[in-house]
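Residue numbers for the sequence shown follow our numbering, so the first one is 12 and each next one is one higher. Built from N, CA and C at the ideal position, the CB exists for glycine as well. In this text the structure is predicted, and so the values were computed from the model without any measurement. Step one of this worksheet: look at the structure below.
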Amino acid sequence: MHYYLTLGREFLTNRDAKRAKAQLELGENSIWKPDFNKGQMLPAVLLLEELNLLQLLTPGEQLRGSDEKMLEFKALAVKHRHVIKNYLNVSISGKHTPIAIAQKLLAKIDLKLNYVGRLGKRENRSASINSLPLMISVIRFLGSG
């Protein structure tokens, strides 16, 4: 799914159409809806784009759960939690932190955010995460093929 979300977006529609056509041929012009829906990736990729998940992967940028951008991300994810559950099979709750929600969604594309440390005074600390090492490994992976 990571490929179709980033580099191969232009090929996704064709991939889903081919898969649907193959299912129609195998099923003699009938499709079992759960199998059809499970095989289509376009709705899941569109959902991740709508959530603006890739904003979290800016190299070198440190994020905190208290950042305005992360709070907006959480609000959007909680608002669309039922759609996320249907298309990605990920449960989202208002009780989750923005970082936990981001980690759950990034896991669907086999990525994760790296923990940097805790910032602030003892009474008011917040975790900080970074996506730089992640992006380096993604670039290495994509460049090796």
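*Which parts of the segment 57-91 are runs of the beta strand (DSSP E), unbroken and 3 residues or longer, counting only runs that do not cross its ends?*
73-75
*Give every residue of the same chain whose Cβ lies closer than 6 Å to the Cβ of residue 54, excluding the five residues on either side of it in the sequence, and list them in chain order.*
98
*Assign residue 15 to one of two classes, buried (16 or more other C-beta atoms within 10 Å of its C-beta) or exposed (fewer than that).*
buried
*Residue range of the alpha helix (DSSP H) that residue 116 falls in?*
109-118
*asked:* How far does the alpha helix (DSSP H) with residue 46 in it extend, from its first residue to its last?
replied: 44-50
_Measuring straight from C-alpha to C-alpha, what distance separates residue 80 and residue 64?_
11 Å
*Near residue 95, which residues of its chain fall below 6 Å by C-beta distance, leaving aside the five closest residues on each side in sequence?*
101, 103
*Could you give the distance in angstroms between the alpha-carbon of residue 74 and the alpha-carbon of residue 92?*
22 Å
*What residue range is occupied by the uninterrupted alpha helix (DSSP H) comprising residue 21?*
20-37
*Buried/exposed call for residue 105, threshold 16 Cβ in 10 Å*: exposed
*If you draw a straight line from the C-alpha of residue 13 to the C-alpha of residue 39, how long is it?*
32 Å
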